[in-house]
Structure formats: C-alpha cells, structure tokens
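J.: Taken in sequence, the protein lines are chains G and H.
The first sequence lines up with residues 1 to 169 when you count with my numbering.
The second sequence lines up with residues 1001 to 1169 when you count with my numbering.
2 protein chains.
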Amino acid sequence: MDDQAIPLDAETKAVEMPEDHREELRLWLRLLTCTTLIEGEVRGRLRERFDVTLPRFDLMAQLDKAPDGMTLSDLSKRMMVSNGNLTGLVDRLVASGHIVRTASPTDRRATVISLTESGRGEFCAMAAEHELWIADLFGGLTEKDRGDLMRLLGKTKLSARRAIQGEGQ
Amino acid sequence: MDDQAIPLDAETKAVEMPEDHREELRLWLRLLTCTTLIEGEVRGRLRERFDVTLPRFDLMAQLDKAPDGMTLSDLSKRMMVSNGNLTGLVDRLVASGHIVRTASPTDRRATVISLTESGRGEFCAMAAEHELWIADLFGGLTEKDRGDLMRLLGKTKLSARRAIQGEGQ
DNA sequence: AGAAATTATTTTAAGCTTAAAACAAATCTG
DNA sequence: CAGATTTGTTTTAAGCTTAAAATAATTTCT
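(1) Kindly give me the distance between the Cβ atoms of Cys34(G) and Thr1156(H), rounded to whole angstroms, as I take these residues to be in contact under 8 Å.
(2) Within the same chain, show all residues whose beta-carbon is closer than 7 Å to that of Met1060(H), passing over the 5 residues directly before and after it, in chain order.
(3) Using a Cβ-Cβ distance under 8 Å, would Thr53(G) count as near chain H?
(4) Between Lys157(G) and chain H, is the shortest Cβ-Cβ distance under 8 Å, so that the two count as touching?
(5) Put Ser1076(H) into one of helix, strand or coil per three-state DSSP.
(6) Taking its Cβ as the centre, do 16 or more other Cβ atoms sit within 10 Å of Met80(G), making it buried, or is it exposed?
(7) Between Ile1038(H) and chain G, is the shortest Cβ-Cβ distance under 8 Å, so that the two count as touching?
(8) Would you say His21(G) faces chain H, with C-beta separation under 8 Å as the test?
(9) Can you tell me whether Ala1125(H) is helix, strand or coil according to DSSP?
(10) With a threshold of 16 other CB atoms inside 10 Å of the CB of Ser1159(H), please say whether the residue is buried or exposed.
(11) Measuring straight from C-alpha to C-alpha, what distance separates Asp20(G) and Asp1064(H)?
(12) Using a cut-off of 8 Å between C-beta atoms, extract the partners of Ile164(G) located in chain H.
(13) With a threshold of 8 Å, are at least 3 pairs of Cβ atoms found where one atom belongs to the region 130-150 of chain G and the other to the region 1138-1154 of chain H?
(14) So, is the C-beta of Ala160(G) closer than 8 Å to a C-beta in chain H?
(15) Among Ala1066(H), Val1042(H), Ile1113(H), which one has its Cα closest to the Cα of Phe1138(H)?
(16) Could you name the residues of the same chain whose beta carbon sits closer than 6 Å to that of Leu1032(H), not counting the 5 residues immediately before and after it, in chain order?
(17) Since Arg1030(H) contacts Gly154(G) with CB under 8 Å, what's their CB separation in whole angstroms?
(18) Please name the residue in Ile1134(H), Leu1046(H), Leu1086(H) whose C-alpha comes closest to that of Ile1113(H).
(19) Using a C-beta to C-beta distance shorter than 8 Å, which residues of chain G count as neighbours of Cys1124(H)?
(20) Compare the C-beta of Thr1116(H) with all C-beta atoms of chain G and state if any pair is closer than 8 Å.
(21) Counting only Cβ pairs nearer than 8 Å, list the residues of chain G close to Gly1154(H).
(22) Check whether chain G comes within 8 Å of Met968(H), counting only Cβ atoms and requiring the distance to be less than that.
(23) At the 8 Å Cβ level, is Met60(G) part of the contact set with chain H, yes or no?
(24) Closest to Arg1056(H) by CA distance: which of Glu1023(H), Gly1069(H), Gly1088(H) is it?
(25) Rounded to a whole number of angstroms, what is the C-alpha to C-alpha distance between Gly140(G) and Glu1167(H)?
(26) Report yes or no: is there a C-beta of chain H within less than 8 Å of the C-beta of Gly140(G)?
(27) Taking 8 Å as the CB-CB cut-off, is Leu1025(H) touching chain G?
(28) Please compile the residues from chain H whose C-beta is within a distance smaller than 7 Å of the C-beta of Ile134(G).
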C-alpha cells in the first residue's frame, strides 16, 4: 500500500491508471469502416446491376454452396442473423421464384430451403460479377498483404469467439 | 485461334482461363464475419447492460467527439449512413433527452445536433465499459498483430475508396 | 439580380433486423 | 412412457436502413 509511481509512456506523458484501450478501439472502428465501405458499395452495385438486395444475395450464396438445401436453422447460423429475420427473407425469395421450401423428410418441424433452377442460374450470373467487384475493391493489396490480413482476421475471429464463448463462465 | 495450353497451377490442376478471385472473396467473407461477430456481441451487451441500441450509441459517440455539435450532413458522412436514416434516429434521441437540435446560426437549412449534459454523462459511462469489451474481444491479438492489422486495414480502406472513387470514370 | 445548380433535411415506401414470446415437434430423463 | 427440456420455426412489436422523391435554403453563374 505504499505510494505507487505513475507509469509514464514512451512520450513521458502520464497515462491513466486503469490502462486505456484506445488502440483496440481504433482498430475496431477501422475494421468496421472497411466492412461498411465495401458492403455499401456491393449493396449499391447489386441493386443497380441486378436489382437485388444484399440479404437476398447472401442467402442465395449460402444455398448455392448446399446443393441439397439447408434448414432455416442452418441458414441462420451460417448467415449469423436471427431466425425471425429469415422467415420474411425466405418468404420474399419464394414469392419471386428463386427458392423453394420443402418439408424435411426426417423432422416434421423443419423446412429445407433450396435454390430453384432459375434461382441458381440467376445467382451464378450475379456471383461471377460480384467476385470481380470484390477483387477490384481489394486490388490495392499485394498477395502477401492478403495472406497476412487473412491470417490476422482468422486470429481476430478466434479471439472474438473465445471472448464471447467465455463470457458466461 | 490456335489451340491454347490450359494453364496449370502449382498443384497441377487446370485453372479457369479468366483468373478466379476466390482468395479475395474468402478474405472479404472473413472480414465480414469478424465485423458481424463483434458487432452482434457489442449490440447485445449495450442492450443488456444499458438498454441502448447500437445506432444510438454510435451517434452519441460521434457527438461526443464534437463538443460544439454537428450538422446532420456531417453526422451522416461520419457514420456512413443515409440522411433519411438519421432523421428518425435523431428524433428518438431528442425524445429521450440525450441530444438537442439547434438551428444553425449561419445556415437556415441546417440543424446542429449536440449531446445534452445528461446525454454526455450517460454516454461516457457506456463508452468506458464499451472500451473494455472491445479490448477483451481483441485480447487474443498481440500488440504486433494489432499494429499489423491496423496497417493492413488502412491499406484496405484506401484500396476500397480508390476502387469506389474511380468507378465513375 | 435572377435563373440554375447545389446542399441540407425530411418524407415515403419498402424491406431488413432484432429480441422476445408463442407454438409445435423431437429428444431427454426419471 | 409421461413430463420436462430442447430444438425449429413463426409471429409480433419496435426500431433500423436504404433509395428516391420532395422541400427549402444557399450558392453559383451569368
């Protein structure tokens, strides 16, 4: 309980006793900015070029990776959105003929969602252009940059998951 | 129009003629996952701990950095959301007493928004905890990781801005 | 100064999103 | 096997978000 020296940082300014985390905050804000920027651009291009919304595109992208369809629960986990959200989104995509609901043969609670043939066709056309847009948006990064960023984001994902998972303990 | 050799990659598999950009796509999806994961957690904690929504918090965070207030246009640029979106958000924050609208002395079109005293007080309390949550979520990264990630995201931001800016040419 | 273009904000219509509650079917457990 | 819990989905209420059109004030350009 003796007097304690006020810690000084490299620039010899007194720092707050409970260490501040402005650096992490800036990192988070920058991450958010990147995502918002790219997402907004992709949203706009999807609308202008294909008259489709981003959520619709995202949903179809998940289904495209699952030839045998997926349940709503699986979809909601994959897309990281709430269950209730999907109900409406699926309704609209069924109405526009892009996807179909099928009763699950094994579980009478569940419905399996899958792309219709025309839905898959439309999605593939959009996905091909979408991939070019993304490549363009990330075009300022070198191959090494992209590898490094991929690795660091992987680490970030793990870090966040651990922090989220561990909170209930 | 002679026959053309199909290029082979390092693992000796045929690759698509128009080069594919799946790597950039994976990078984008991972970036999006990180943001969605962290954003969802922060949203939930703000609600549980302070009964406040993330957009409200974000708006107050911007105002906190502008002691003399900001116009709606400035706010919408900073927050990267549409103008129309802010109208409603501001209405609700005015109704709850967190912010006030003041007529701009120089421009009769504009309104200046600023935090009320109690709004600033409430925000500061939330911001202090929020900063700890963020530090916790990024806790799995070393100081070097954070520096590297910061730099790479800076480069990503520039890359995206350039791609967006340059599209109209 | 007056017309034209720009800027600041609001309104509108549609769709997205969430949390919480409700419901139904499947699984677990004593 | 019956009651309790979990799981899959929908509903509800509230708020968020966008794009596009409308309105109003300022600035620009003859």
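For glycine and all other residues, C-beta sits at the position ideal for the given N, C-alpha and C.
T.: The answer reads as follows:
(1) 5 Å
(2) His1098, Leu1115, Gly1119, Phe1123
(3) no
(4) yes
(5) helix
(6) exposed
(7) yes
(8) yes
(9) helix
(10) buried
(11) 17 Å
(12) Leu1037, Glu1041, Leu1137
(13) yes
(14) yes
(15) Val1042(H)
(16) none
(17) 7 Å
(18) Leu1086(H)
(19) By Cβ distance, chain G contributes nothing, its closest Cβ being about 14 Å from Cys1124(H), past 8 Å.
(20) no
(21) Arg30
(22) Since the first and last residues shown for chain H are 1001 and 1169, residue 968(H) lies out of range.
(23) no
(24) Gly1088(H)
(25) 14 Å
(26) yes
(27) yes
(28) His1021, Glu1024, Leu1025, Trp1028
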